[in-house]
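**Q**
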Amino acid sequence: MDGSTLDPDFEAHLPAALAARVDAVVVGGGPTGFRVARELSRRGRSVALLNAESWAPYNRVKLTPLLAGEVQFGQVAQPRDPVGDGLAHHYAGQRAVAVDLDARLVETASGRLFPFRDLVICTGSRAFLPSIPGIGARNVFTFRDADDAAALKARSLTARQVAVIGGGLLGLEAARAMAAQGARVCVIEHEMRLMPRQLDAEAAALLSARLYALGVTCLTGVRVEEVLAPAGAVTGLRLSTGETLPADTLVVCAGVRAETTLAQSMGLAVHRGILVDAAMRTSHPHVYAAGECAEFDDRVEGLVGPCLDQAETAAKTLCGEPAAFARAAPATRLKVVGVEVFSIGEVEALEERPGVRAFAWRDASQGLYRRVFVERGRLAGAIAIGPWAELNRVQQAVTARSPAPPLFAPRFRREGTLWPAAAPASAADWPEAATVCNCTGVTRGRLGEAMANGAASLDALRFETGACTVCGTCQPLLEEILAGGAASATAQRWWRILSAVSIAAALLALVTALAPRVPIPDAFEARGGLETLWFDNIVKQWTGYGLLAVTAALMLLGLRKRLRVARRLGGYDAWRLVHLGLGVAAALGLFLHTGFRFGLNLSSALMTVYVAALLLGGIAGLATGADHKLRDAGVGSAAAPPRKIPVWLHILALWPLPLLLGAHVLGVYAY
Ligand SMILES: Cc1cc2nc3c(=O)[nH]c(=O)nc-3n(C[C@H](O)[C@H](O)[C@H](O)COP(=O)(O)OP(=O)(O)OC[C@H]3O[C@@H](n4cnc5c(N)ncnc54)[C@H](O)[C@@H]3O)c2cc1C
Numbered sequence: 001m002d003g004s005t006l007d008p009d010f011e012a013h014l015p016a017a018l019a020a021r022v023d024a025v026v027v028g029g030g031p032t033g034f035r036v037a038r039e040l041s042r043r044g045r046s047v048a049l050l051n052a053e054s055w056a057p058y059n060r061v062k063l064t065p066l067l068a069g070e071v072q073f074g075q076v077a078q079p080r081d082p083v084g085d086g087l088a089h090h091y092a093g094q095r096a097v098a099v100d101l102d103a104r105l106v107e108t109a110s111g112r113l114f115p116f117r118d119l120v121i122c123t124g125s126r127a128f129l130p131s132i133p134g135i136g137a138r139n140v141f142t143f144r145d146a147d148d149a150a151a152l153k154a155r156s157l158t159a160r161q162v163a164v165i166g167g168g169l170l171g172l173e174a175a176r177a178m179a180a181q182g183a184r185v186c187v188i189e190h191e192m193r194l195m196p197r198q199l200d201a202e203a204a205a206l207l208s209a210r211l212y213a214l215g216v217t218c219l220t221g222v223r224v225e226e227v228l229a230p231a232g233a234v235t236g237l238r239l240s241t242g243e244t245l246p247a248d249t250l251v252v253c254a255g256v257r258a259e260t261t262l263a264q265s266m267g268l269a270v271h272r273g274i275l276v277d278a279a280m281r282t283s284h285p286h287v288y289a290a291g292e293c294a295e296f297d298d299r300v301e302g303l304v305g306p307c308l309d310q311a312e313t314a315a316k317t318l319c320g321e322p323a324a325f326a327r328a329a330p331a332t333r334l335k336v337v338g339v340e341v342f343s344i345g346e347v348e349a350l351e352e353r354p355g356v357r358a359f360a361w362r363d364a365s366q367g368l369y370r371r372v373f374v375e376r377g378r379l380a381g382a383i384a385i386g387p388w389a390e391l392n393r394v395q396q397a398v399t400a401r402s403p404a405p406p407l408f409a410p411r412f413r414r415e416g417t418l419w420p421a422a423a424p425a426s427a428a429d430w431p432e433a434a435t436v437c438n439c440t441g442v443t444r445g446r447l448g449e450a451m452a453n454g455a456a457s458l459d460a461l462r463f464e465t466g467a468c469t470v471c472g473t474c475q476p477l478l479e480e481i482l483a484g485g486a487a488s489a490t491a492q493r494w495w496r497i498l499s500a501v502s503i504a505a506a507l508l509a510l511v512t513a514l515a516p517r518v519p520i521p522d523a524f525e526a527r528g529g530l531e532t533l534w535f536d537n538i539v540k541q542w543t544g545y546g547l548l549a550v551t552a553a554l555m556l557l558g559l560r561k562r563l564r565v566a567r568r569l570g571g572y573d574a575w576r577l578v579h580l581g582l583g584v585a586a587a588l589g590l591f592l593h594t595g596f597r598f599g600l601n602l603s604s605a606l607m608t609v610y611v612a613a614l615l616l617g618g619i620a621g622l623a624t625g626a627d628h629k630l631r632d633a634g635v636g637s638a639a640a641p642p643r644k645i646p647v648w649l650h651i652l653a654l655w656p657l658p659l660l661l662g663a664h665v666l667g668v669y670a671y
């Protein structure tokens, strides 16, 4: 990654869109700030994004694999400018130090001034350093940003005995990453188990054993009393057990604190974070806050997914759109520990809440463990150590608070699975509500929508939805969805109307086939009213012409895909609807022309072909309109969509029609 170089003459080099006061200044260039800037820019707002860090935009979450040596610096940088090509411009190396709310002006540490109409604060968090004697010694590191990662990476070349304070998500990932570089690593956690908020005691013990096998020792229920550094550099830790742990490097992962310095200097209401309402408004009408620096409903977020949701909410509110942040169940997966660890829901609270039932499954021989929590019949949380094919489905069900599958308990205790059927093999066949990207909470439906709007590559999908921009483990799933195609990944446009017209066409075809034939009157004089339709030669001729015209139009529409000129006359979705509408018109035309009478020989064959083509066309239309619903119910797949067979049968049924029609017309005129 390159450090950014900025011209000191700010005013002279402002892009034209920023020469005047910008619509919004966004302070903070983490995932939240970039998302706010992009969402505002998409809505036509001019934005200046100020970031204290002087690195080019990078993915904070990938700092752990970087430290573990699994990816290089280049792979941590964002592949595409996260603010997009719109009206947003980001300024690296610009720490906002003061805000004049009357003049609506942000001042940065380098003395630049950024005028704004609205301000969005996304200053995130900073690493928390506990007040332990000696914590300021040399070779003591935090792990929060690219500077920390660069320093730790350099240190990992010589570190032999690393101590990590904190057995939470970040501490374990840092520990495993340092162990992967060849150091002996010991994690010290003052709670009685690892990841206490995400795991229960059994899962934590299993994880601890797995980590031990990977070169990481975990001490739980132990506090660090002092960092020993007789010559200025850390040599060991004095523990609450009275023992001394030798260490030449200390990594402190003892949690984070919301970065609220700027907000406090502005006089905003701040508690643990900047206080916001559900629309991300702060105590000042022109100032919003989102991400890890914000506190909503007594809580400060600590994962990317909810921060991005807050970013979208803030951008919408600022643009006058109704929006409210709703907290989803927190989901966690460890990235580099070398053992799959999954947790969703407020596990710690669920364990103690009355009325919550827990079901566990374990396979000691393979070190697998799964536990689900059910509250009032609904899935409320889950834990897993080791692989679990149903994970995405579990995440989706817990997020949606879905009812627990009927009679799942014996199966779960026996096999460790919640559902009888395996999840569909391809992500393209997942239900719309299924979560594809666990970090950002992006669903299969959202991806399908982006594809329907033109996102045709992995990069475009990432950019449009934010999926796969965090840990990157969902990339294969995105590729499967891309391979499945946009049409199969989401609901067809106007699918309800499409389905209704298709049902009408199919029903009319059935009525034509099954309704009693209009009888031929005994006497010529008895014919009158509706019967004129079928027994007056002139009228019958005109209904015949009408039916012929509708049939010709129907067939010509089939050429829509081949004729370039036709493409300019509206999208395929609209033409398909017209096609089905004409099908209904043809069914009515048949009734007007024949009175449900099939006739003999040629006429009978022609009627049969008409009815079959209409019926199959209606079924094909219905299978197309309800494609996503059918696939949600397990009918068909991306490779074999449910409409495939009815569409082919419809086309097959149509083949004899031109020939029979021609013969019929000739027959009528000849005789
Ligand atoms: C190593 C690591 C791994 C992680 N892994 C995961 C994971 O797997 N899954 C997950 O969900 N979460 C993970 N997280 C947490 C995730 O990174 C955070 O939830 C997310 O970054 C929060 O985004 P944010 O934009 O609100 O804050 P931040 O990412 O903290 O960004 C805030 C930015 O604002 C800048 N800033 C602060 N003050 C100012 C100022 N006055 N002026 C200008 N700029 C300022 C900061 O320099 C920073 O760049 C991880 C975090 C770390 C450190």
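Take the sequence shown: its position 644, counting from 1, is numbered 644 in full-length UniProt numbering, and each next residue is one higher. Glycine included, each C-beta is placed from N, C-alpha and C at the ideal position. Source: prediction; values computed, not measured.
Under 8 Å between the Cβ atoms of LEU447 and ARG35?
**A** As a first step, residue 447 must be located in the sequence shown, where it is residue number 447. As a first step, residue 35 must be located in the sequence shown, where it is residue number 35. Not a contact, by the Cβ cut-off of 8 Å.
**Q** Out of SER426, PRO285, ALA605, ARG576, state which residue places its alpha-carbon closest to the alpha-carbon of LEU556.
**A** Sequence index remark: in the sequence shown, residue 556 carries index 556 (1-based). Among SER426, PRO285, ALA605, ARG576, the Cα nearest to that of LEU556 belongs to ARG576.
**Q** Assign GLY29 to one of three DSSP states: helix, strand, or coil.
**A** Residue numbering aside, residue 29 sits at position 29 when the sequence shown is read from its first letter. GLY29 falls in the coil class under three-state DSSP.
**Q** To the nearest angstrom, how far is the alpha carbon of ALA487 from that of THR261?
**A** Numbered from 1 along the sequence shown, position 487 holds the residue referred to as residue 487. Numbered from 1 along the sequence shown, position 261 holds the residue referred to as residue 261. Low confidence applies to ALA487: its pLDDT is 48, below 50, so where it sits in the model is not reliable enough to give any reading.
**Q** Report the three-state DSSP secondary structure of PHE408 (helix, strand or coil).
**A** Locating residue 408 in the sequence shown gives position 408, counting from the first residue. Helix, per DSSP.
**Q** Hey, how far is the Cα of residue 725 from the Cα of GLN94?
**A** Nothing about residue 725 can be reported from this structure: the residues present for the chain run from 1 to 671 only.
**Q** According to DSSP, which residues form a beta bridge with GLU295?
**A** Looking up residue 295 in the sequence shown gives position 295. Secondary-structure assignment with DSSP links GLU295 through a beta bridge to LEU275, VAL300.
**Q** Below 8 Å CB to CB, which residues in the same chain sit around VAL374 once its five sequence neighbours on both sides are set aside?
**A** Residue 374 sits at position 374 when you count from the first residue of the sequence shown. VAL356, ARG357, ALA358, PHE359, ALA380, ALA404, listed in sequence order.
**Q** Cα-Cα, which of VAL251, ARG643, PHE535 is closest to LEU129?
**A** Numbered from its first residue, the sequence shown carries residue 129 at position 129. Of the candidates VAL251, ARG643, PHE535, the residue whose Cα lies closest to the Cα of LEU129 is VAL251.
**Q** For PRO246, write down the residues that DSSP places opposite it in a beta bridge.
**A** Reading the sequence shown from its first residue, position 246 is the one you call residue 246. GLY236, per the DSSP bridge assignment.
**Q** Could you give the DSSP three-state label for LEU119: helix, strand or coil?
**A** Position 119 of the sequence shown holds residue 119. LEU119 falls in the strand class under three-state DSSP.
**Q** For GLY581, which residues in the same chain have their Cβ closer than 8 Å to its Cβ, ignoring the five residues on either side in sequence?
**A** If you number the sequence shown from 1, residue 581 lands on position 581. For GLY581, where only same-chain residues beyond five positions count, the Cβ hits under 8 Å are VAL501.
**Q** Any idea what DSSP makes of ASN537, helix, strand or coil?
**A** As a position in the sequence shown, residue 537 is number 537, starting the count at 1. Residue state, collapsed to three classes: helix.
**Q** What is the rounded straight-line gap between the Cα of ARG643 and the Cα of GLY667?
**A** Translated into the one-based positions of the sequence shown, residue 643 becomes position 643. Translated into the one-based positions of the sequence shown, residue 667 becomes position 667. In a straight line, the C-alpha of ARG643 is about 37 Å away from that of GLY667.
**Q** Identify which residue in ALA382, TYR212, ALA48, VAL518 has its Cα closest to the Cα of GLY33.
**A** Here residue 33 corresponds to residue number 33 of the sequence shown, with the count starting at 1. For GLY33, the nearest C-alpha among the options comes from ALA48.
**Q** What is the rounded straight-line gap between the Cα of ALA489 and the Cα of SER402?
**A** Taking the first residue of the sequence shown as position 1, residue 489 is located at position 489. Taking the first residue of the sequence shown as position 1, residue 402 is located at position 402. Low per-residue confidence applies at ALA489: pLDDT is 47, beneath 50, and the placement is therefore not dependable, though the value from the model is reported in the following sentence. Distance between the alpha carbons of ALA489 and SER402: 22 Å.
**Q** Considering Cα atoms alone, identify which of ALA364, CYS122, VAL436 is closest to THR469.
**A** Within the sequence shown, residue 469 is the residue found at index 469, counting from 1. Looking at the Cα atoms, VAL436 is the closest of the given residues.
**Q** To the nearest angstrom, report how far apart residue 730 and ARG597 are at their CA atoms.
**A** Beyond the ends of the chain as shown, which are 1 and 671, falls residue 730; an answer cannot be given.
**Q** Is CYS319 helix, strand or coil when you go by DSSP?
**A** Translated into positions along the sequence shown, residue 319 becomes position 319. Here CYS319 sits in coil by DSSP.
**Q** Which two residues bound the contiguous beta strand (DSSP E) that contains ASN51?
**A** Translated into positions along the sequence shown, residue 51 becomes position 51. Residues 47-51.
**Q** Can you check the segment 165-240 for any beta strand (DSSP E) of at least 3 residues that lies completely inside it and give the ranges in chain order?
**A** 184-189, 216-220, 224-228, 236-239
**Q** If you reduce the DSSP assignment to three classes, tell me which class GLN127 lands in.
**A** Sequence index remark: in the sequence shown, residue 127 carries index 127 (1-based). In the sequence under discussion, the amino acid at residue 127 is Ala, which differs from the Gln named in the question. Looking at ALA127 - three-state DSSP - the assignment turns out to be strand.
**Q** Under the three-state reduction of DSSP, which class applies to PRO658: helix, strand or coil?
**A** As a first step, residue 658 must be located in the sequence shown, where it is residue number 658. Helix, per DSSP.
**Q** Leaving out the 5 sequence neighbours to the left and right, which residues in its chain are closer than 8 Å to ALA460 when beta-carbon positions are compared?
**A** Translated into the one-based positions of the sequence shown, residue 460 becomes position 460. Excluding sequence neighbours, ALA460 sits near ALA450, GLY454.
**Q** Under the DSSP definition of a beta bridge, which residues are partnered with VAL22?
**A** In the sequence shown, counting from the first residue as 1, residue 22 sits at position 22. Paired residues: PHE116.
**Q** From GLY595 to ILE619, what does the alpha carbon distance come to, in whole angstroms?
**A** Taking the first residue of the sequence shown as 1, we reach residue 595 at position 595. Taking the first residue of the sequence shown as 1, we reach residue 619 at position 619. For GLY595 and ILE619, the distance between alpha carbons rounds to 24 Å.
**Q** Contact check, ALA183 vs GLN161 under 8 Å by CB: the rounded distance?
**A** The count along the sequence shown starts at 1 and reaches residue 183 at position 183. The count along the sequence shown starts at 1 and reaches residue 161 at position 161. Right, their Cβ atoms sit about 7 Å apart.
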